[in-house]
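Trainee: Mind the numbering: the sequence shown is residues 9 to 739 in the working numbering, read in order. Just so you know, even glycine gets a beta-carbon here, dropped at the ideal spot from N, CA and C.
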Amino acid sequence: MNGLWDTERENIVSAYLSRHPNGRRDLIDNAFDLAVSSHQGQMRQSGEPYITHPIGVALNVARLGLDKESVAAALCHDTVEDCDTTLEDLTRLLGPEVARLVDGVTKLDRVKSSVAKSKQPAEAKAATLRKLLVAVAADVRVLIIKLCDRLHNVGSLDILPEAKAKRIAAETLEVYAPLAHRLGMSEIKWQLEDKSFAALHPERYQEIVSLVASRSPERDRRVAIAVDQVKKALHDAGISAEVDGRAKHYWSIYSKMTRRNKTFDEIFDLIGVRIIVEDIKDCYLSLGVAHAMYPPVPGRFKDYIAQPKFNSYAAIHSTVVGPEGRVVELQIRTAAMHLRAEVGIAAHWSYKGEGAAPTKEEPSWLTRLLDVHAETEDPDDFLAGVREDLASEEVVCFTPGGDCIAISLGAKPLDFAYAVHTQVGHSAVGAKVNGRLVPLSTVLKTGDTVEIITSKVEDPMPHPDWLSLVVTAKARSSIRARLQRDAKHESSENGRQELARALRNENMASAGLLESAELTGVASSLSLPDTEALLIAIGEGHVDPKAVAEKLRTLLEVSQGVRVILPDAPPTARSRRSRVVNEGLHAEGIADLQLHLAACCSPGPGDDVMGYITRGRGVSVHRDDCLNVPILLREKARCIDVEWTHQSKGSYLVEIEIEGIDRSGLLADVTRMVTDMGANIHSCKIVTDADLVAHQSYEIELADTDHLNRLLRAIRNIDGVYEARRGADDA
Ligand code: MN
9 MNGLWDTERE
19 NIVSAYLSRH
29 PNGRRDLIDN
39 AFDLAVSSHQ
49 GQMRQSGEPY
59 ITHPIGVALN
69 VARLGLDKES
79 VAAALCHDTV
89 EDCDTTLEDL
99 TRLLGPEVAR
109 LVDGVTKLDR
119 VKSSVAKSKQ
129 PAEAKAATLR
139 KLLVAVAADV
149 RVLIIKLCDR
159 LHNVGSLDIL
169 PEAKAKRIAA
179 ETLEVYAPLA
189 HRLGMSEIKW
199 QLEDKSFAAL
209 HPERYQEIVS
219 LVASRSPERD
229 RRVAIAVDQV
239 KKALHDAGIS
249 AEVDGRAKHY
259 WSIYSKMTRR
269 NKTFDEIFDL
279 IGVRIIVEDI
289 KDCYLSLGVA
299 HAMYPPVPGR
309 FKDYIAQPKF
319 NSYAAIHSTV
329 VGPEGRVVEL
339 QIRTAAMHLR
349 AEVGIAAHWS
359 YKGEGAAPTK
369 EEPSWLTRLL
379 DVHAETEDPD
389 DFLAGVREDL
399 ASEEVVCFTP
409 GGDCIAISLG
419 AKPLDFAYAV
429 HTQVGHSAVG
439 AKVNGRLVPL
449 STVLKTGDTV
459 EIITSKVEDP
469 MPHPDWLSLV
479 VTAKARSSIR
489 ARLQRDAKHE
499 SSENGRQELA
509 RALRNENMAS
519 AGLLESAELT
529 GVASSLSLPD
539 TEALLIAIGE
549 GHVDPKAVAE
559 KLRTLLEVSQ
569 GVRVILPDAP
579 PTARSRRSRV
589 VNEGLHAEGI
599 ADLQLHLAAC
609 CSPGPGDDVM
619 GYITRGRGVS
629 VHRDDCLNVP
639 ILLREKARCI
649 DVEWTHQSKG
659 SYLVEIEIEG
669 IDRSGLLADV
679 TRMVTDMGAN
689 IHSCKIVTDA
699 DLVAHQSYEI
709 ELADTDHLNR
719 LLRAIRNIDG
729 VYEARRGADD
739 A
């Protein structure tokens, strides 16, 4: 036993016992010992031992009449977050119920810090926080302990740096006081408000305090007269009642002045008299007595007994014209209603009495509030809030690290995994909820701690079945995108293989070509953004790989000036300057086949070469050291000897010039036309000037002038081309 804190210990125990006369103190004693030893050596910012804080919180909780588990949890509420104590320790020493309550309070703090980190505007943050606190606190005792925690903290704001004190005060006014109001805990509410008010607006607070002090004697005198008159009248009517005046609270005066634009005197002149009787019958009898002596103000009578307010508040309110013609606000209620009005939902535990079943499973406490007041149209703020919470489309879950994640109702561990990070989702293989392995199809509940087990596989793939399992849009779109990316990847691989095959058939090696600028050119001529898109289009069967290979070949001939020789072209009429191709090739024993130089190795005169009989495009000629030759040699029957010859072969090189409006695909169209017309491009030069006029000049190999004229006419018909003529050299 730590004798040092025995006075405080006894204060808490007696506060508890006064509301639970048959209660047992051992749980509270054990919790007290654990809290003292856990916080041993820790100090508050005020310099006091830290233990004074949980003691203060527990005292508030006990005074509200909560059960011994709540008092014990209040004593230990900071031990898990701030000390070495674990939830397991708490479960072992104080039982699972206390541990659960402490865990709940700890989680509320995490909700708070994660909302604080979010990028929402301040006002939305307060609303979000309020909602989340209610949603996460599955047990209302957790919220009550939290409110008592906050109440104790706002009691020592003056020792904090001003900015921090103001931040906490503002948060208390925006979040915690409204929560207390929602729970019907008016006593806690006004204490939170007045303490925060003092820290947030010290000058205004002082002003209200001094106004109250200066007007109080006169007001007190009038209150006393009214109280005496009412007491006497009730006594004469045979009703036993407690009658007293009601205090006004600083924050409520201030907020009425600012929000309802009233003067201090208008508010302060109103005096309130409270009548507390034994039962409901006496409430109505008292009302009759009061109305008989003071005329009621029309329209100011409210029966919250027949129709309670949404937070379980019950009373009869009436405004009457009292002594000296002054307006008096009357409140009439039973003792039980009075307790409820002061401590709100907390009164629940006092009514049960000791020995009643613990209320740990009370997830429906909000529902109960709502059921009772479903028909109540309260212009006040929180019915809508309560409804929203209950109909919430979200649950709030925690990562093992304590971050909280709000996620759609019905969400499963997979949704949670994708909400954490897309990669976590893709690599999910299992999940633990609250430390227990569960199927990925488990529906998550608010307050669950979710741990995702991930595989170590590189570049993991979601299972297609997951699409029907998840409920969040984020998870669904991530899975779909990943699967599509994989399908694209497969199409692209297929396309790559098909194009490689087509290129081989064209006697072109795929190796360098698949990354070439020319292939990009082919892609853009098909209005595809890049080579990858082209490969996917081939793989998906939208584009014929053979056509691509042919286009590629054409472009390569343009850009690399590959010469294509027509060994057996007929002799032609020749212009003065046409040049006979001198270089030639001879394939042993094969006269009728076209020979062409392979693009992969671009053989030149003098190189050692070999020929390969293609399917349908004659003989391709490769350098002996070409990388493709070993592959070609697998089909020995198609391989033939080829030699360079110095014998003249009859075809002509002609230069033509083309002018046109530059557009994408113009080059491709021209080269295709040339090829389609049976001519070959020997070389070309392309210039585009500032006016977007394309000047292209080609050295073309063709048979004769007729052939040339037909080609020029055809080129002029290409969109954008407005001039095609024989080059100046050839004029
Ligand atoms: Mn605390």
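1) Closer than 7 Å: is that where the CB of D86 sits relative to any heavy atom of the ligand MN?
2) Say the cut is 7 Å; is the CB of H257 nearer than that to a heavy atom of the ligand MN?
3) Spatial neighbours of T528 within its chain, please: C-beta separation below 7 Å, excluding the five flanking residues on both sides.
4) Would you say the region 150-158 touches the region 176-195, given that touching needs at least three Cβ pairs under 8 Å?
5) Excluding five sequence neighbours on each side, which residues of the same chain lie with their C-beta closer than 7 Å to the C-beta of P611?
6) Kindly examine the ligand MN and report whether one of its heavy atoms sits closer than 7 Å to the Cβ of D111.
7) Less than 7 Å separating the Cβ of D277 from some heavy atom of the ligand MN?
8) Check T60 in the structure and name its three-state DSSP category.
9) Restricting to runs no shorter than 4 residues, where is the alpha helix (DSSP H) found entirely within the region 668-726?
10) Counting C-beta neighbours from all protein chains within 10 Å, is the total for G668 16 or more, i.e. buried, or is it exposed?
11) Provide the residue span of the beta strand (DSSP E) that contains C405, from first to last.
12) Three or more C-beta pairs closer than 8 Å, one from the region 11-25 and one from the region 54-72: is that the case here?
13) Please work out which residues of its chain come closer than 6 Å, Cβ to Cβ, to G352, disregarding the five sequence neighbours upstream and downstream, and give them in chain order.
14) If we call anything under 8 Å between Cβ atoms a contact, is G6 one with C647?
15) Taking Cβ to Cβ, would you say I288 is nearer than 8 Å to T342?
16) Return helix, strand or coil for C156, following the three-state DSSP convention.
17) For I664, which of L710, F40, A300, G163 has the nearest alpha-carbon?
18) What's the gap between the Cα of S372 and the Cα of D117?
19) Use the C-beta contact count for E362: other C-beta atoms within 10 angstroms, 16 or more gives buried, fewer gives exposed.
20) Regarding H61 and the ligand MN, is the C-beta to nearest heavy atom distance less than 7 Å?
21) By a C-beta neighbour count over all protein chains shown, 10 Å radius and 16 as the cutoff for buried, is H346 buried or exposed?
22) Is the region 412-427 touching the region 479-491 in the sense that three or more CB pairs, one from each, lie closer than 8 Å?
23) Consider the C-beta atom of V65 and the heavy atoms of the ligand MN; say whether any pair is separated by less than 7 Å.
24) Could you tell me how far apart the beta carbons of K115 and G455 are, in whole angstroms, since I believe they sit closer than 8 Å?
25) I need the boundaries of the beta strand (DSSP E) containing L452, first residue and last residue.
26) Mark P366 as exposed unless 16 or more other C-beta atoms lie within 10 angstroms of its C-beta, in which case mark it buried.
27) Rounded to whole angstroms, what is the Cα-Cα separation between T15 and G103?
28) Relative to the C-alpha of D252, which candidate in I279, K453, T271, I63 has its C-alpha closest?
29) Spell out a yes or no on whether the region 330-344 and the region 296-311 are touching, meaning 3 or more CB-CB pairs, one atom from each, closer than 8 Å.
30) Buried or exposed: where does G49 fall if 16 or more other Cβ atoms within 10 Å of its Cβ makes it buried?
31) Go ahead and pull the three-state DSSP assignment for R27.
32) From what residue to what residue does the alpha helix (DSSP H) around D202 run?
33) Taking the C-alpha atoms as reference points, what is the distance between T562 and R680?
34) For T94, is the classification buried or exposed, using 16 other Cβ atoms within 10 angstroms of its Cβ as the cut-off for buried?
35) Helix, strand or coil for P2, going by three-state DSSP, please let me know.
Mentor: For this structure:
1) As a working note, residue 86 is residue 78 in the sequence shown. Within the cutoff, so yes.
2) Taking the first residue of the sequence shown as 1, we reach residue 257 at position 249. For the ligand MN, not one heavy atom lies less than 7 Å from the Cβ of H257.
3) The residue given as residue 528 occupies position 520 in the sequence shown. Closer than 7 Å at the Cβ level, and outside the excluded window around T528, lie D538, T539.
4) yes
5) Stepping through the sequence shown from its first residue, residue 611 is reached at position 603. Taken in chain order, the residues that qualify are L605, V617, V629, H630, R631.
6) Against the sequence shown, residue 111 aligns to sequence position 103. Outside the cutoff, so no.
7) Numbered from its first residue, the sequence shown carries residue 277 at position 269. Outside the cutoff, so no.
8) Translated into the one-based positions of the sequence shown, residue 60 becomes position 52. Reduced to three states, the DSSP call for T60 is helix.
9) 674-684, 713-724
10) As a first step, residue 668 is located in the sequence shown; it is residue number 660 there, counting from the start. Label assigned to G668: buried.
11) Within the sequence shown, numbered from 1, the residue matching residue 405 stands at position 397. C405 -> beta strand (DSSP E) spans 402-406.
12) yes
13) The residue given as residue 352 occupies position 344 in the sequence shown. Once the five neighbours on either side are set aside, the close Cβ partners of G352 are L191, G192, M193.
14) Lying before the first or after the last residue shown, residue 6 is absent from the chain, which here runs from 9 to 739.
15) Numbered from its first residue, the sequence shown carries residue 288 at position 280. Numbered from its first residue, the sequence shown carries residue 342 at position 334. Going by C-beta atoms, I288 is nearer than 8 Å to T342.
16) One-based indexing of the sequence shown puts residue 156 at position 148. C156 falls in the helix class under three-state DSSP.
17) Numbered from 1 along the sequence shown, position 656 holds the residue referred to as residue 664. Ranking the options by Cα distance to I664, first place goes to L710.
18) Residue numbering aside, residue 372 sits at position 364 when the sequence shown is read from its first letter. Residue numbering aside, residue 117 sits at position 109 when the sequence shown is read from its first letter. Since pLDDT at S372 reaches only 39, below the 50 mark, its modelled position is unreliable, and the value read off the structure follows with that caveat. For S372 and D117, the distance between alpha carbons rounds to 23 Å.
19) The sequence position of residue 362 within the sequence shown is 354, counting from 1. Note that E362 has pLDDT 37, beneath the 50 cutoff, so the model's placement of it is unreliable and the number below is only indicative. It is exposed - the Cβ of E362 has fewer than 16 other Cβ atoms within 10 Å.
20) For the purposes of this step, residue 61 is taken as the residue at position 53 of the sequence shown. Yes.
21) Walking along the sequence shown from the start, residue 346 turns up at place 338. Counting Cβ neighbours within 10 Å, H346 comes out buried, since at least 16 surround it.
22) yes
23) Locating residue 65 in the sequence shown gives position 57, counting from the first residue. The answer is yes for V65.
24) For the purposes of this step, residue 115 is identified with residue 107 of the sequence shown, where counting begins at 1. For the purposes of this step, residue 455 is identified with residue 447 of the sequence shown, where counting begins at 1. Indeed they touch by this definition, with Cβ atoms about 7 Å apart.
25) Here the question's residue 452 lines up with position 444 in the sequence shown. That residue, L452, is in no beta strand (DSSP E); it is neither H nor E in DSSP.
26) The sequence position of residue 366 within the sequence shown is 358, counting from 1. For P366, the pLDDT reaches just 37, beneath the cut-off of 50, and the residue's location in the model is therefore unreliable, although a value from the coordinates is still provided. Counting Cβ neighbours within 10 Å, P366 comes out exposed, since fewer than 16 surround it.
27) One-based indexing of the sequence shown puts residue 15 at position 7. One-based indexing of the sequence shown puts residue 103 at position 95. Whole-angstrom Cα-Cα distance: 25 Å.
28) To locate residue 252, count along the sequence shown from 1; it is residue 244. Residue I279 is the option with its Cα nearest to D252.
29) yes
30) Looking up residue 49 in the sequence shown gives position 41. Exposed, since its Cβ has fewer than 16 Cβ neighbours within 10 Å.
31) In the sequence shown, the residue the question calls residue 27 occupies position 19. The answer is helix: DSSP assigns R27 an H, G or I state.
32) Locating residue 202 in the sequence shown gives position 194, counting from the first residue. Start and end: 194-208.
33) In the sequence shown, the residue the question calls residue 562 occupies position 554. In the sequence shown, the residue the question calls residue 680 occupies position 672. Approximately 7 Å between the Cα atoms of the pair.
34) Here residue 94 is taken as the residue at index 86 of the sequence shown, counted from 1. That one is exposed.
35) In the structure displayed, the chain extends from 9 to 739; residue 2 sits before or after that span and is not available.
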